[in-house]
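Residue numbers (UniProt numbering): 1 to 310. Quick reminder that beta carbons are idealized off the backbone N, C-alpha and C, glycines included. In what follows, a single structure is set out as structure tokens and then discussed.
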């Protein structure tokens, strides 16, 4: 492969020539190695720069599950690649999701002729351990143990049934619970305009679905409220610290003025009453200004809070 040769041999001129005439910088070999993989593992910094400047995929995954930065052992080269990843907003979650794309494509490829996924099949048979694995264990690689809503969770078969529709129709309550906890939507309709509730013949199961959905919704609202309260508390704390800092600055300035006044009185014996009178007046003006500033700032805080709460 021409790309591989110039990336390994550090032939920058040849690489630029290939790019100039339209060569794909993300072409893969049989092991899904891209030119950037080759350049990174060979510590060819200049080649890496040329490739990345020409939109090389920083998150390309080879058959071993490695991205270019995974196999880069050169410190300067690695630092450059990671800085480019950071500048593009790549996070650890982005990396984990990208690594798992192959797994999800494999799961998607396992649909049967009716469009049923593994989740549909597990839901129909009540295979709870399989459902738990597909919903939660697979996602550990993505969210460090926290489940996320995978598209296949609400994916429909050829009749418009989601896995939750299937589990409900067959009355598998534990499977229903797992789907709801993972974020399955209960309002989705089949091709016959049937919701999950419409397909449920068991009144107890129907009541369970409704109650469980309400519990999850309430829990989510409580989490949002708690997060909002925490954010508001942090803002208030920041404002109070700002007020305190402002007062301290004003008080320190007043004290310095008072000391200066005392030194002035000691240095001169004539015009004492005049100088002390002027300084006392100045001192009072500073105190008034400090109180006025504090009052104005508090009014600003109250107005801001009122606006946030409205």
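| Asked | Found |
| --- | --- |
| Nonlocal neighbours in the same chain, by C-beta distance under 6 angstroms from residue 130, ignoring five residues either side | 122 |
| Straight-line Cα distance separating residue 156 from residue 176 | 16 angstroms |
| Beta-carbon gap between residue 76 and residue 69 smaller than 9 angstroms | no |
| Extent of the continuous alpha helix (DSSP H) to which residue 313 belongs | Any answer about residue 313 is impossible in this case: the structure gives the chain only from 1 up to 310. |
| Rounded Cβ spacing between residue 190 and residue 172 (contact assumed at less than 8 angstroms) | Wrong, their Cβ atoms sit about 18 angstroms apart, outside the cutoff. |
| Straight-line Cα distance separating residue 135 from residue 217 | 19 angstroms |
| Cβ shell of residue 226 (< 6 angstroms), same chain only, five flanking positions each side left out | none |
| Beta-carbon separation (whole angstroms), residue 124 vs residue 170, contact threshold 8 angstroms | 6 angstroms |
| Cβ of residue 183 within 9 angstroms of any chain B Cβ | Annotation note: the requested chain B is absent from the structure, which comprises a single protein chain. |
| Ranges of the alpha helix (DSSP H) found wholly within the segment 33 to 74, counting only runs of at least 4 | 35 to 41 and 45 to 53 |
| Any non-hydrogen atom of the ligand FAD within 8 angstroms of residue 87 CB | Annotation note on the ligand FAD: not contained in the displayed structure, which lists no ligands. |
| C-beta atoms of residue 52 and residue 36 nearer than 9 angstroms | yes |
| Member of 174, 204, 209 and 45 whose CA lies at the smallest distance from the CA of residue 185 | 209 |
| Residue 90 - containing alpha helix (DSSP H), residue span | Here residue 90 belongs to no alpha helix (DSSP H), and DSSP marks it neither H nor E. |
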